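Residue numbers (our numbering): 87 to 209.
Just so you know, even glycine gets a beta-carbon here, dropped at the ideal spot from N, CA and C.
All values derive from a computational prediction rather than experimental measurement.
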Amino acid sequence: MSDQHAKLEESFGHPSDHEETHLRAEALHSGAQAHIVEYGHYIYIWLGLLAFTGITVTVSGINLGNWTIVIALLIASIKSYYVLNYFMHLRNEDKIFKAFVFTALLTFFIFLSFTFWDYSFAR
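Now the structure itself:
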């Protein structure tokens with residue numbers, strides 16, 4: 087790698103191998119968890135999300151009655167799990183932060199359940 091290329095790479099904030107190793111060592115020494123994930127892992131998660139989107143579109147075209155909505159919401163829940171844990175790095179957060187997110191999702195689920203319950207008796 088040329089000097090000019092290295093300077094250009096540093097100006098964009100890409101750490102060199104030495105700096106990355108130093109950052110990992112600092113994180114481990116301070117007791118923090120280093121959560122550096124390879125790009126390939128993100129690509130697999132992204133491909134899975136695309137597959138689930140395709141399944142959702144396919145299921146929406148099949149007449150399953152009320153089960154269509156249930157299956158679509160189940161797939162959306164699985165997709166949100168992957169987005170929260172991998173792209174938003176929730177799996178590396180403290181337990182208290184996970185508890186707050188769980189409380190928010192539980193509240194959302196309760197309101198969604200009441201909405202569907204009310205709608206089912208309105209017919």
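8 Å contact criterion, which residue i and residue j should meet: CB distance rounded
| i | j | result |
| --- | --- | --- |
| isoleucine 155 | isoleucine 141 | Contact doesn't hold; Cβ gap of about 15 Å is too wide. |
| leucine 170 | valine 187 | 7 Å |
| lysine 184 | leucine 191 | With 8 Å as the limit, lysine 184 and leucine 191 do not qualify as a contact, their Cβ atoms being about 10 Å apart. |
First through last residue of the alpha helix (DSSP H) which encompasses residue i
| i | result |
| --- | --- |
| valine 156 | 153-168 |
| leucine 198 | 181-207 |
| histidine 127 | 125-146 |
Exposure of residue i, with buried meaning 16 or more beta-carbon neighbours within 10 Å
| i | result |
| --- | --- |
| tyrosine 125 | exposed |
| tyrosine 172 | buried |
Among the options, nearest to residue i - alpha-carbon criterion
| i | options | result |
| --- | --- | --- |
| tyrosine 130 | Leu176, Lys165, Val187, Phe188 | Lys165 |
| leucine 136 | Phe194, Ile148, Tyr168, Phe200 | Tyr168 |
| phenylalanine 138 | Trp153, Ile157, Ile148 | Ile157 |
| tryptophan 132 | Ala190, Asp180, Met174 | Met174 |
| leucine 159 | Ile122, Phe194, Val123 | Phe194 |
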